[in-house]
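Q: All residue numbers for the sequence shown refer to this note's numbering, where the first residue is 591 and numbers rise by one. Before I ask anything, here is the structure I am working with.
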Amino acid sequence: MNKFKRFLLNCKYYHKIRLILNRVNMKKYINFMHELLNNRNQSIQYLSERALNSPCWSREIFSTNEFYAHDLIFKKYAGISYSQSLSCLIEHGLVLTEHLVENVNKFPLATSNIVMSEARKMYLKKNGIPAYAVGPYIHYADSIYNHEDLKMMKKRLGKTLLFFPSHSTKYVSIKESYKTFSKTISKLKKNHNFSSVLICGYFLDIEDKLFDYIEKEKGYYFISAGNRCGPLFLNLIKTYIILADVVASNTIGTQAGYALFLGKPFWTISNTNIIDSYAGSTLHVLKEQSIVDKPLIGDYDISYHELEKLFQKQSYDIDKDLFKIVSSLWGFNDIKSKSEINKIIYKTIR
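Here it is in structure tokens:
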């Protein structure tokens, strides 16, 4: 971070101005969220398309709290006004290894961190960073549809595979190998008699020609949770997982634990993407530090590569040993009650 940005972050007037602007922007988000919810009787493709048009205005002091609507999810669950701004950092993705992510150093004024697992919390505390473990964030999100609507949609879809392709980031561009991907997914669909295949694309990858192909094939549906800062991102992800019989990907991400937490098997398949990264990117750092081969945090001596192999078994039953490992990594036993979340969030509002 350059000196000017650091100066701004330490300036009390900057924060006051940001708080005012954030509250104005928050009203726009709430209006957009209500519009989506009022049209929930539309198809999931309609909701996906509208979500991709979500506004992306700043609404928090620490911008990464806005990722995947984590700020909104926790405020709603805790019964706290959306207009309040958080002074904590919500770790926006699952961190499986013992290292500090960029945001911890980027926002030194954060009062604490919200993370998923007790193991991650203890690692941060060991490094002098106060943290709260709250388990899988998806627990705190509501589905877009009620129980009856989900049953009706599920009946229309039939046996369903939900697939999350590897996605690009600010530093890494990922393009799916069109031929390899289509062959792999077609084989999965045929071998397991899936009636529908939902391909959930990340907002940075929607121009990938793969998704044009999907929309032309019978039984294939391109969906999305929308812009990363969209107000219903995690709600849509939860809805898609509930509708699925199996969740799959060509990588292990936060969605793997979310699937198992919601009672759905998760499969990893052979890699189908082409990665374009450069020095300084997340992927480059992972390779340089050999993090993928280091033991993961938690109660089990297992590496990322070893975990990946466990997920490759295409079974409809969730393996008990795998579930225990994932439970430790994603913090299944660290779920907090509404009053507990309220206390955590209330301590961190501005």
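Using N, Cα and C, we set each Cβ at its ideal position, and we do this for glycine too.
Quickly, what does DSSP pair residue 836 with across the bridge? List them, please.
A: Residue 836 pairs with 751.
Q: DSSP three-state label for residue 811, please.
A: Strand at residue 811.
Q: In or out: residue 855 buried (at least 16 other Cβ within 10 Å) or exposed?
A: So residue 855 counts as buried.
Q: Quick one: what does DSSP say residue 912 is sitting in, helix, strand or coil?
A: Correct three-state label for residue 912: helix.
Q: In whole angstroms, what separates the C-alpha of residue 832 from that of residue 904?
A: For residue 832 and residue 904, the distance between alpha carbons rounds to 19 Å.
Q: Can you grab the Cα-Cα spacing for the pair residue 914 / residue 709, in whole Å?
A: C-alpha separation (whole angstroms): 14 Å.
Q: Return helix, strand or coil for residue 662, following the three-state DSSP convention.
A: In the structure shown, residue 662 sits in a helix (DSSP, three-state: H, G or I).
Q: Less than 7 Å between C-beta atoms, sequence neighbours within five positions excluded: which residues of the same chain meet that for residue 850?
A: Cβ neighbours of residue 850 beyond the five flanking positions: 856, 908, 913 and 916.
Q: For my contact list, residue 736 and residue 719 are in at a C-beta cut-off of 8 Å; report their separation, rounded to the angstrom.
A: Their Cβ separation, rounded to whole angstroms, is 39 Å, which puts residue 736 and residue 719 out of contact at 8 Å.
Q: Between 658, 789, 674 and 900, which lies nearest to residue 837 when the distance is taken from Cα to Cα?
A: Checking every option, the nearest Cα to that of residue 837 belongs to 789.
Q: Considering only DSSP beta bridges, list what residue 723 is partnered with.
A: Its beta-bridge partners are 705.
Q: In chain order, what residues of the same chain lie with their CB nearer than 6 Å to the CB of residue 575, ignoring the 5 residues before and after it?
A: Because the chain spans 591 through 940 in this model, residue 575 falls outside it and cannot be assessed.
Q: Looking at the secondary structure, which residues open and close the alpha helix (DSSP H) in which residue 929 lies?
A: Here the alpha helix (DSSP H) through residue 929 covers 928-936.
Q: How would you write the range of the alpha helix (DSSP H) that residue 850 sits in, first residue to last?
A: Unbroken alpha helix (DSSP H) run through residue 850: 844-851.
Q: Of all the options 727, 792, 816 and 785, which has the alpha carbon lying nearest to the alpha carbon of residue 835?
A: The shortest Cα separation from residue 835 among 727, 792, 816 and 785 belongs to 785.
Q: Please list the terminal residues of the continuous alpha helix (DSSP H) segment that includes residue 897.
A: First-last of the alpha helix (DSSP H) with residue 897: 894-901.
Q: When we look at the beta-carbon of residue 701 and count the other beta-carbons within 10 Å, is it buried (16 or more) or exposed?
A: Burial call: exposed.
Q: Measure the alpha-carbon distance for residue 742 versus residue 842 and round it to whole angstroms.
A: Taking the straight line joining both Cα atoms gives about 30 Å.
Q: Considering Cα atoms alone, identify which of 648, 783, 755 and 721 is closest to residue 771.
A: When each option's Cα is compared against that of residue 771, the closest is 755.
Q: Could you give the distance in angstroms between the alpha-carbon of residue 681 and the alpha-carbon of residue 664?
A: Those two C-alpha atoms are separated by around 13 Å.
Q: Near residue 829, which residues of its chain fall below 7 Å by C-beta distance, leaving aside the five closest residues on each side in sequence?
A: Answer for residue 829: 733, 734 and 735, listed in chain order.
Q: Does DSSP put residue 866 in a helix, a strand or coil?
A: Its pLDDT being 48, under 50, residue 866 is placed unreliably in this model, and the value from its coordinates should be taken loosely. In this structure, residue 866 counts as strand in the three-state DSSP scheme.
Q: Give the straight-line distance between the Cα atoms of residue 813 and residue 777, rounded to the nearest whole angstrom.
A: Distance between the alpha carbons of residue 813 and residue 777: 20 Å.
Q: Considering Cα atoms alone, identify which of 891, 933 and 859 is closest to residue 901.
A: Comparing Cα positions, the closest option is 859.
Q: Quick one: using the 10 Å Cβ neighbour count with 16 as the cut-off for buried, is residue 930 buried or exposed?
A: It counts as exposed.
Q: So, for residue 928: in the same chain, excluding its five sequence neighbours on each side, which residues have a beta-carbon less than 8 Å away from its beta-carbon?
A: Excluding sequence neighbours, residue 928 sits near 667, 668 and 669.
Q: Should the region 918-928 be called in touch with the region 710-730, which here means at least 3 C-beta pairs below 8 Å?
A: As far as the Cβ criterion goes, the region 918-928 touches the region 710-730, which means the pair count is three or higher.
Q: Would you mind giving the Cβ-Cβ distance between residue 705 and residue 721, rounded to the nearest angstrom? I have them listed as a contact below 8 Å.
A: Right, their Cβ atoms sit about 5 Å apart.
Q: In angstroms with no decimal places, state the Cα-to-Cα distance between residue 653 and residue 671.
A: Computed Cα separation, rounded: 18 Å.
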